[in-house]
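**Q** My structure is below; once you've seen it, I'll send some questions.
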Amino acid sequence: AQSVTQLGSHVSVSEGALVLLRCNYSSSVPPYLFWYVQYPNQGLQLLLKYTTGATLVKGINGFEAEFKKSETSFHLTKPSAHMSDAAEYFCAVNDAGGTSYGKLTFGQGTILTVHP
Amino acid sequence: GAVVSQHPSRVICKSGTSVKIECRSLDFQATTMFWYRQFPKQSLMLMATSNEGSKATYEQGVEKDKFLINHASLTLSTLTVTSAHPEDSSFYICSAFRVNTEAFFGQGTRLTVV
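Just so you know, the sequences run in chain order A and B. Using the working numbering, read the first sequence as starting at 1 and increasing by one per residue. Using the working numbering, read the second sequence as starting at 1 and increasing by one per residue.
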């Protein structure tokens, strides 16, 4: 079975500061990993994904994440936070291939607050 | 990117009535769609996997007779909450899976049962 743990339900940073949202996963097969952002009362928007290949993945809005197999981690970072980054962020994992392809297991979510 | 449209975005219904939520993939064919439920301040929990032309597969603990799923075409899946009660109030989100890419999410439906 696969699972996702996001460390820290709330993260607060100052505008311009580094954003680091942590995600650890467990999976019995090589995983596909995703980060999504959700604004209040809206659906999820994909920020970035890792499937195969380069372990450092760049996404939209200046976000990036690095897949570290040895640490079973996929932490999300952004060098400089903007006020518009305030939202809830979800890490998700999908077992590559098989009948569950496309089915995601989500972490608990991390609410990012950005202070002026 | 691919677009998934979910309707309605908000619905308020009386206890005991049924509510239907539609999920459409607008620019691709989705043989598989997923329905999630999100309680306030919690993560998304998968309710069921909807497969075109066959019965949905429900996750453990999800009542299939209460949450009816129909995936009659490659672009439309519907979730009907039957005999809704206040505890069914939640945010429901669908996703449509596009082969060899990823799952694309609808905008979500806020259901309030009064």
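Note that the Cβ used here is the ideal one computed from N, Cα and C, for glycine as well.
Drop a sphere of 10 angstroms on the beta-carbon of Leu104/A, count the other beta-carbons inside from all chains shown, and report buried for 16 or more, exposed for fewer.
**A** On the first sequence, residue 104/A is found 104 positions in, with the first residue counted as 1. It counts as buried.
**Q** Could you have a look at Lys121/A and say whether DSSP puts it in helix, strand or coil?
**A** No statement about residue 121/A is possible, as the shown extent of chain A runs from 1 to 116 and does not include it.
**Q** For Leu119/A, does the count of other Cβ atoms within 10 angstroms reach 16, so buried, or fall short, so exposed?
**A** Outside the displayed span of chain A (1 to 116) sits residue 119/A, for which this structure offers no information.
**Q** From Leu76/A to Thr17/B, what does the alpha carbon distance come to, in whole angstroms?
**A** Counting from 1 along the first sequence, the entry for residue 76/A is found at position 76. Counting from 1 along the second sequence, the entry for residue 17/B is found at position 17. About 43 Å.
**Q** Report the rounded CA-to-CA distance for Leu68/B versus Cys13/B, giving the unit in angstroms.
**A** Within the second sequence, the letter at position 68 stands for residue 68/B. Within the second sequence, the letter at position 13 stands for residue 13/B. Looking at the two C-alpha atoms, the distance is approximately 17 Å.
**Q** Report the three-state DSSP secondary structure of Asn61/A (helix, strand or coil).
**A** Taking the first sequence and counting its residues from 1, the one referred to as residue 61/A is at position 61. Three-state DSSP puts Asn61/A in a helix.
**Q** Cβ of Phe105/B within 8 Å of Cβ of Ser95/B?
**A** On the second sequence, position 105 is the one that residue 105/B refers to. On the second sequence, position 95 is the one that residue 95/B refers to. Taking 8 Å as the Cβ cut-off, Phe105/B and Ser95/B qualify as a contacting pair.
**Q** Please determine, among Leu7/A, Phe106/A, Ala81/A, Ala92/A, the residue with the shortest C-alpha to C-alpha distance to His115/A.
**A** Taking the first sequence and counting its residues from 1, the one referred to as residue 115/A is at position 115. Of Leu7/A, Phe106/A, Ala81/A, Ala92/A, the residue nearest in Cα terms is Ala81/A.
**Q** Please state the DSSP three-state secondary structure of Glu87/B.
**A** For this step, residue 87/B is matched to residue 87 along the second sequence. Helix.
**Q** Answer yes if the region 18 to 25 of chain A comes into contact with the region 51 to 58 of chain B, meaning at least three C-beta pairs across the two stretches below 8 Å, and no otherwise.
**A** The region 51 to 58 of chain B vs the region 18 to 25 of chain A: no contact.
**Q** Mind checking Arg10/B: buried by the 16 CB within 10 Å criterion, or exposed?
**A** Residue numbering aside, residue 10/B sits at position 10 when the second sequence is read from its first letter. Exposed is the call here.
**Q** Using a beta-carbon distance cut-off of less than 7 Å, what residues from the region 18 to 33 of chain B approach chain A?
**A** Cβ contacts with chain A: Thr32.
**Q** Could you list which residues in chain B have their beta carbon closer than 8 Å to that of Phe90/A, in chain order?
**A** On the first sequence, position 90 is the one that residue 90/A refers to. Here the neighbours are Ser43, Leu44.
**Q** Taking only beta-carbon positions, decide if Thr49/B is within less than 8 Å of chain A.
**A** Within the second sequence, numbered from 1, the residue matching residue 49/B stands at position 49. It does: the Cβ of Thr49/B has a partner Cβ on chain A nearer than 8 Å.
**Q** Could you give the distance in angstroms between the alpha-carbon of Tyr36/A and the alpha-carbon of Leu47/A?
**A** Along the first sequence, one-based indexing puts residue 36/A at 36. Along the first sequence, one-based indexing puts residue 47/A at 47. If I take the Cα positions, the gap works out to 5 Å.
**Q** With respect to the beta strand (DSSP E) encompassing Pro31/A, which residues constitute its N-terminal and C-terminal limits?
**A** Residue 31/A sits at position 31 when you count from the first residue of the first sequence. Here the beta strand (DSSP E) through Pro31/A covers 31 to 38.
**Q** Straight-line CA distance for Pro79/A to Ser14/A?
**A** Locating residue 79/A in the first sequence gives position 79, where the first residue counts as 1. Locating residue 14/A in the first sequence gives position 14, where the first residue counts as 1. Answer to the nearest angstrom: the Cα atoms are 12 Å apart.
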